[in-house]
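Visitor: Residue numbers (our numbering): 727 to 1071.
We put the beta carbon where it would ideally sit given N, CA and C, even for glycine.
In this text, all values refer to a predicted model and were calculated from it rather than measured experimentally.
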């Protein structure tokens, strides 16, 4: 079924050329046989009608390719069907009239364009209309089937790619390096401040709970993402104190906007990972909206010498936005490092 639909619709290859020739020849022969069922068949007329059928078949096929580009089936189904019928009627009738006139010129004893030939032309017109109508209905059915199957395949590919990217984001969040630093910090807190250690454990648990429950989601609200970022920043501040600050400039309406999960956390983590944070090098991360975009920026302190940036987290974010079909993510790497994300409703 799908293979026939592809032959019926896509640009011709060797198989589709064979299909179009066979279909056109058969329709041409049937058309001739139905019109001349009381007359003894003529081999040359059989062949000529078959060739005419093949010609019209190709003309219909290429006109369909043009119509599919200019008039969408999905949004203008009725108009596309009607325009296909009208265009094919004009093409078919034009080829038939040209063929009849040529046949008159070759065989003067045949007269189609006269008072006596009106009935013949009327019969041909009725047959052609029925053929075109059936052709367009069948074409619509095959086209709908092909679009449905193509859509299903694309959906599966999209979901698979989305899952791969989100698993990579999850893997970066569950990295041994992050866990090692968290455990070291926790060990130190137990010796100094048990209550703060308890809060740290709760923040760590919330972080992993959010990560494990949202990585399958395509989009989450900025509000939910910031709750996760707050937990992450609390753990980082346990190590660096108030030398790390997070400035949020978002309205309640903007907090309801969407973005891929772990996006903000990855950007904040990148800022922490690539900059030394101490009393002389304070890091400030700012999240705000501007002209319908979400801007995440941070100042640059002294770069950590041991860090070799592969920009995996940033590439992951860019790939997920591209996969979703939204506007591209912008990265500005100046004195202030800024990532601009499309604000999704």
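Sorted by chain position, which residues of the same chain lie with C-beta nearer than 8 Å to residue 961's C-beta, five sequence neighbours on each side aside?
Guide: 908, 911, 926, 929, 930, 933
Visitor: From residue 857 to residue 1057, what does the alpha carbon distance come to, in whole angstroms?
Guide: Linking residue 857 to residue 1057 through their CA atoms gives a straight-line distance of about 58 Å.
Visitor: By the three-class DSSP mapping on this structure, what secondary structure does residue 764 have?
Guide: Legend: pLDDT at residue 764 = 49, less than 50; position of this residue unreliable, value from coordinates given subsequently. The DSSP-derived three-state label of residue 764 is coil.
Visitor: The alpha helix (DSSP H) with residue 1064 in it runs from where to where?
Guide: Here residue 1064 belongs to no alpha helix (DSSP H); instead the beta strand (DSSP E) covers 1062-1068.
Visitor: In the structure shown, what three-state DSSP assignment does residue 849 receive?
Guide: helix
Visitor: Which complete beta strand (DSSP E) runs does the segment 912-975 hold, if anything under 3 residues is left out?
Guide: 970-975
Visitor: Sort 802, 793, 811, 951 by Cα distance to residue 854 and report the nearest one.
Guide: Of 802, 793, 811, 951, the residue nearest in Cα terms is 811.
Visitor: Assuming residue 1013 and residue 974 are in contact, meaning their beta carbons sit under 8 Å apart, how far apart are those beta carbons, in whole angstroms?
Guide: 5 Å
Visitor: Could you please give me the residues that DSSP links to residue 985 through a beta bridge?
Guide: 946
Visitor: Thinking C-alpha only, which one of 1047, 1018, 1002 is nearest residue 1025?
Guide: 1002
Visitor: Closer than 8 Å by C-beta to residue 1004: which residues in its own chain qualify, once you throw out the five before and the five after it? Chain order, please.
Guide: So the qualifying residues of the chain are 966, 969.
Visitor: Assuming residue 1021 and residue 987 make a contact with CB atoms under 8 Å, what is their CB distance in whole Å?
Guide: Not a contact, Cβ separation roughly 19 Å.
Visitor: Which two residues bound the contiguous alpha helix (DSSP H) that contains residue 781?
Guide: 769-796
Visitor: Does the distance between the C-beta of residue 1007 and the nearest non-hydrogen atom of the ligand COA fall short of 8 Å?
Guide: In the structure on display, the ligand COA does not appear, and there are no ligands present to speak of.
Visitor: Name, in chain order, the residues that DSSP records as bridge partners for residue 748.
Guide: Note: residue 748 sits in no beta bridge, so no partner.
Visitor: Helix, strand or coil: which one does DSSP assign to residue 1027?
Guide: Residue 1027 sits in coil when the DSSP states are folded into three classes, being neither helix nor strand.
Visitor: I need the straight-line Cα distance from residue 779 to residue 1019, nearest angstrom please.
Guide: 57 Å
Visitor: Let me know the secondary structure DSSP gives residue 1053 once reduced to three states.
Guide: Of the three classes helix, strand and coil, the one that applies to residue 1053 here is coil, per DSSP.
Visitor: Can you list, in chain order, the residues of its chain whose CB lies under 7 Å from that of residue 793, leaving out five sequence neighbours each side?
Guide: 806, 809, 810, 813
Visitor: In angstroms with no decimal places, state the Cα-to-Cα distance between residue 861 and residue 1049.
Guide: 37 Å
Visitor: In angstroms, rounded to a whole number, what distance separates the CA positions of residue 1046 and residue 1023?
Guide: 20 Å
Visitor: DSSP state of residue 1010, grouped into three classes?
Guide: strand
Visitor: Could you round the C-beta distance between residue 1027 and residue 1007 to whole angstroms and report it? I think they count as a contact, below 8 Å.
Guide: 4 Å
Visitor: Specify the secondary structure class of residue 1016 as computed by DSSP and reduced to three states.
Guide: strand
Visitor: Give a yes or no on whether the C-beta atoms belonging to residue 1043 and residue 1011 are separated by under 9 Å.
Guide: no
Visitor: Measuring only the C-alpha atoms, how far is residue 946 from residue 999?
Guide: 24 Å
Visitor: In whole angstroms, what separates the C-alpha of residue 826 from that of residue 750?
Guide: Roughly 18 Å between the two C-alpha positions.
Visitor: Reducing DSSP to helix, strand and coil, say where residue 1002 ends up.
Guide: Assigned with DSSP and collapsed to three states, residue 1002 falls in coil, not helix or strand.
Visitor: May I have the straight-line CA-CA distance separating residue 776 from residue 742, to the nearest angstrom?
Guide: 17 Å
Visitor: For residue 753, is the classification buried or exposed, using 16 other Cβ atoms within 10 angstroms of its Cβ as the cut-off for buried?
Guide: Classification for residue 753: buried.
Visitor: Measuring straight from C-alpha to C-alpha, what distance separates residue 803 and residue 867?
Guide: Looking at the two C-alpha atoms, the distance is approximately 12 Å.
Visitor: Measure the CB-CB distance between residue 958 and residue 917 and report whether it falls below 9 Å.
Guide: no
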